[in-house]
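So for the sequence shown, the numbering used here puts the first residue at 95; every next one is plus one. Cβ atoms here follow ideal geometry from the backbone N, Cα and C, with glycine treated the same way.
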Amino acid sequence: MEPKRDYYEVLGVDKDADARTIKRAFLKLARTLHPDVNKEPDAEEKFKEVNEAYSVLSDDQKRANYDRYGDPNGPAGFGSDYVDVSDIFGGSGFGFGDIFDSFFGGGRGGAGAQARTRGRDMGIHLQITLEEAAAGCAKTLSYERLAPCDDCNGTGAAVGGRMQTCSRCHGTGRVVEVQRTIFGQMQTQSACPDCGGSGQVIDHPCETCDGQGRTPSREKVEVKIPAGIHSGQSVKVEGKGEAGLRGEVSGDLVVSVEIKPSERFERQGDDLYCTVKVDSLQAILGTKVVLDGILEGEKAEVEIPAGCQFGQQVVIERRGMPRMGMIARGNLVAVVQVETPTDLTKAQLLSISAIEAERSLGSAAAPEASEEGGADDKWRAPKNPFKGKKK
Ligand code: ZN
Ligand code: ZN
């Protein structure tokens, strides 16, 4: 394999070229190399190479990393609030190829097809952690879309260019064809191929966008994820989907959120479940365990009652997930796991076996200990946890 060419060399721009120059160079090359246009055998490879170079050089952060380390991902990757979603579009979403197809196909209005002038909504997928869902977060998404053309402000007209009534359809946007058939004359109507059905053409179209008013472009958008969001819910960023043709309304960017499974908590509705481990002696006597809560720096105190059983649930109110759009929160439910200690000393084991021997005797003969207990008792069980259940 040949060594990878320098991205600047691929696009034929200087190292200090500005964003607009890079974009123009990319569009020019992409137009000549797009597989729909260029039938040369190596066109597709070259198109991919150009696309890769652009996707790095059009992204400030990736470009800075590339310049400094020779690797767009840098030495340690990106910060967690920065997400490049252009690779995650997947099969069903918008791929860069799809964006190009819209660019090449859009506005030309294939014969008979009603041209689509409004921009489409774009759906993208965003993974966040449960902690981020609990606190709410802001993410900077980097993605590719058809965006309003910078050079003509989305009008599609070059400097001095004007919109004019289409001469072919006289502004109706439709052309009527009359065919003679054996049944007589038949009229068929279709969208005007010259103006794509809009009824208007530009006398001097913008060269950068070919008169469409939009170009494939790398964009950054900040999206705010509200606290308490659930997996599968989405956040809409208005106007950040595909740009409309020649200044028509843009579609929206629909960010659907998926929450990564947490290692510490399991979410059920707005409640959070977690496990707390205590040893069997602690379970007998009762204890207090302090857990890290779901929010940063938050502590949750779990009161393990004396006589606690394996799997017993201790509810800590209002320490679960925030309810979206409200101050209220769900509960934190600690599920107790009792572990048998294996590191007891001989002396400790002897004391425990003494208790065990006493209990064996007691259960055979002695009546149940009085509720008041003896004055010499060092420790007294607060309440026999099994007593109530037996009734
Ligand atoms: Zn027309
Ligand atoms: Zn333009």
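In terms of residues, what are the limits of the alpha helix (DSSP H) holding residue 407?
Residue 407 sits at position 313 when you count from the first residue of the sequence shown. Counting along the chain, residue 407 sits inside no alpha helix (DSSP H); it lies in the beta strand (DSSP E) bounded by residues 407-410.
Under three-state DSSP, which class holds residue 446?
Residue numbering aside, residue 446 sits at position 352 when the sequence shown is read from its first letter. Note: residue 446 maps to helix in three-state DSSP.
Touching by the beta-carbon criterion (3+ pairs, under 8 Å), the region 402-412 and the region 428-443
yes
Alpha-carbon spacing of residue 372 relative to residue 401, whole angstroms:
By 1-based counting over the sequence shown, the position of residue 372 is 278. By 1-based counting over the sequence shown, the position of residue 401 is 307. Taking the straight line from one Cα to the other gives about 12 Å.
Would you check if the distance between the CB atom of residue 413 and the CB atom of residue 394 is smaller than 7 Å?
As a working note, residue 413 is residue 319 in the sequence shown. As a working note, residue 394 is residue 300 in the sequence shown. Yes.
Residue 245: CB within 6 Å of a non-hydrogen atom of ligand 2:
As a working mapping, residue 245 is identified with position 151 in the sequence shown. Remark: the C-beta of residue 245 is in contact range of ligand 2, defined as less than 6 Å to any heavy atom.
Contact under 7 Å by Cβ, residue 337 with residue 240:
Working through the sequence shown from its first residue, we reach residue 337 at position 243. Working through the sequence shown from its first residue, we reach residue 240 at position 146. Taking C-beta atoms as the reference points, residue 337 and residue 240 count as a pair closer than 7 Å.
How would you label residue 216, buried or exposed, when you count the other beta carbons within 10 angstroms and need 16 or more for buried?
Locating residue 216 in the sequence shown gives position 122, counting from the first residue. In this structure residue 216 is buried. Its beta-carbon is surrounded by 16 or more other beta-carbon atoms within 10 angstroms.
Residue 534 beta carbon near ligand 1 (any heavy atom closer than 6 Å)
Past the edges of the chain, shown from 95 to 485, lies residue 534, and the structure says nothing about it.
Output needed for residue 114: all residues of its chain with C-beta closer than 7 Å, excluding positions within five of it in sequence on either side, in chain order.
Translated into positions along the sequence shown, residue 114 becomes position 20. Closer than 7 Å at Cβ, skipping near neighbours: 244.
Measuring from the CB of residue 260, is there a heavy atom of ligand 1 at a distance below 6 Å?
As a first step, residue 260 is located in the sequence shown; it is residue number 166 there, counting from the start. Yes, since a heavy atom of ligand 1 falls inside the 6 Å radius drawn around the Cβ of residue 260.
Determine the direct distance from the alpha carbon of residue 176 to that of residue 99, and round the result to whole angstroms.
On the sequence shown, residue 99 is found 5 positions in, with the first residue counted as 1. On the sequence shown, residue 176 is found 82 positions in, with the first residue counted as 1. Distance between the alpha carbons of residue 99 and residue 176 is about 27 Å.
From residue 200 to residue 424, what distance separates their C-alpha atoms?
Position 106 of the sequence shown holds residue 200. Position 330 of the sequence shown holds residue 424. Model confidence at residue 200 stands at a pLDDT of 47, short of 50, so the residue's coordinates are unreliable and nothing is read from them.
Just verifying my parser: in three-state terms, what is the DSSP assignment at residue 195?
Against the sequence shown, residue 195 aligns to sequence position 101. Reduced to three states, the DSSP call for residue 195 is helix.
Straight-line gap, residue 297 to residue 222 (C-alpha atoms, nearest Å):
In the sequence shown, residue 297 corresponds to position 203, counting from 1. In the sequence shown, residue 222 corresponds to position 128, counting from 1. Just so you know, the alpha carbons of residue 297 and residue 222 end up roughly 48 Å apart.
In angstroms with no decimal places, state the Cα-to-Cα distance between residue 416 and residue 362.
Residue 416 sits at position 322 when you count from the first residue of the sequence shown. Residue 362 sits at position 268 when you count from the first residue of the sequence shown. Approximately 12 Å, taken between the alpha carbons.
Below 7 Å between beta carbons: does that hold for residue 285 and residue 278?
Locating residue 285 in the sequence shown gives position 191, counting from the first residue. Locating residue 278 in the sequence shown gives position 184, counting from the first residue. Contact flag unset, no.
So, with DSSP's three-state summary, where would you put residue 378?
Start at 1 with the first residue of the sequence shown, and residue 378 comes out as number 284. Helix, per DSSP.
Inter-residue spacing [alpha-carbon to alpha-carbon] between residue 481 and residue 438:
Counting from one through the sequence shown, the residue named residue 481 turns up at place 387. Counting from one through the sequence shown, the residue named residue 438 turns up at place 344. The predicted model places residue 481 with a pLDDT of 46, which falls under 50 and marks its position as unreliable; any figure quoted below should be read in that light. Taking the straight line from one Cα to the other gives about 29 Å.
Hey, residue 388 and residue 366 are a contact pair by Cβ (cut 8 Å); roughly how many whole angstroms apart?
Within the sequence shown, residue 388 is the residue found at index 294, counting from 1. Within the sequence shown, residue 366 is the residue found at index 272, counting from 1. Between residue 366 and residue 388 the Cβ distance is about 6 Å, and since that is below 8 Å, they are a contact.
Counting Cβ pairs, one atom from each stretch, are 3 or more of them under 8 Å apart for the region 132-139 and the region 155-162?
no
At a threshold of 6 Å, does residue 303 count as lining ligand 1 (C-beta to nearest heavy atom)?
Here residue 303 refers to the residue found at position 209 of the sequence shown. Incorrect: residue 303 has no Cβ contact closer than 6 Å to ligand 1.
For residue 169 and residue 156, believed in contact at Cβ under 8 Å, the rounded distance:
Here the question's residue 156 lines up with position 62 in the sequence shown. Here the question's residue 169 lines up with position 75 in the sequence shown. Not confirmed; about 13 Å, so no contact.
Taking only runs that begin and end inside the region 139-170, name each unbroken beta strand (DSSP E) of 3 or more residues, in chain order.
none
Where the beta strand (DSSP E) through residue 235 begins and ends:
Here residue 235 is taken as the residue at index 141 of the sequence shown, counted from 1. Unbroken beta strand (DSSP E) run through residue 235: 231-242.
Thinking just about the alpha-carbon of each residue, which of 289, 386 and 194 is nearest to the one in residue 357?
Along the sequence shown, read from residue 1 onward, the residue named residue 357 stands at position 263. Among 289, 386 and 194, the Cα nearest to that of residue 357 belongs to 386.
Is the beta carbon of residue 342 sitting closer than 7 Å to the one on residue 211?
For this step, residue 342 is matched to residue 248 along the sequence shown. For this step, residue 211 is matched to residue 117 along the sequence shown. Taking 7 Å as the Cβ cut-off, residue 342 and residue 211 qualify as a contacting pair.
Opposing strand residues paired with residue 385 [DSSP bridges]
Translated into the one-based positions of the sequence shown, residue 385 becomes position 291. DSSP lists 394 as partners of residue 385.
With 16 other CB atoms within 10 Å as the buried threshold, where does residue 153 fall?
Here residue 153 refers to the residue found at position 59 of the sequence shown. When all chains shown are included, residue 153 counts as buried.
Spatial neighbours of residue 325 in its chain, beta-carbon cut-off 6 Å, leaving aside the 5 residues before and after:
Mapped onto the sequence shown, residue 325 falls at position 231. Hits under 6 Å: 352 and 353.
Distance check for residue 235 and residue 195, CA to CA, integer angstroms please.
Taking the first residue of the sequence shown as position 1, residue 195 is located at position 101. Taking the first residue of the sequence shown as position 1, residue 235 is located at position 141. In a straight line, the C-alpha of residue 195 is about 23 Å away from that of residue 235.
Just to confirm, does residue 288 get its C-beta within under 6 Å of one of the non-hydrogen atoms of ligand 1?
Residue mapping note: residue 288 aligns to position 194 of the sequence shown, counting from 1. Checking every heavy atom of ligand 1 against the Cβ of residue 288, one is found closer than 6 Å.
Quick one: Cα of residue 418 to Cα of residue 312, how far?
For this step, residue 418 is matched to residue 324 along the sequence shown. For this step, residue 312 is matched to residue 218 along the sequence shown. Cα to Cα, the separation comes out at about 32 Å.
When every heavy atom of ligand 1 is checked, does at least one fall within less than 6 Å of the C-beta of residue 231?
In the sequence shown, counting from the first residue as 1, residue 231 sits at position 137. No; taking the cut-off as 6 Å, the Cβ of residue 231 has no heavy atom of ligand 1 nearer than that.
Going by alpha carbons, who is nearest to residue 106 out of 453, 148 and 287?
Residue numbering aside, residue 106 sits at position 12 when the sequence shown is read from its first letter. Ranking the options by Cα distance to residue 106, first place goes to 148.
Residues near residue 369 by beta carbon distance below 8 Å, same chain, minus five either side
As a working mapping, residue 369 is identified with position 275 in the sequence shown. Closer than 8 Å at Cβ, skipping near neighbours: 428, 429, 430 and 431.
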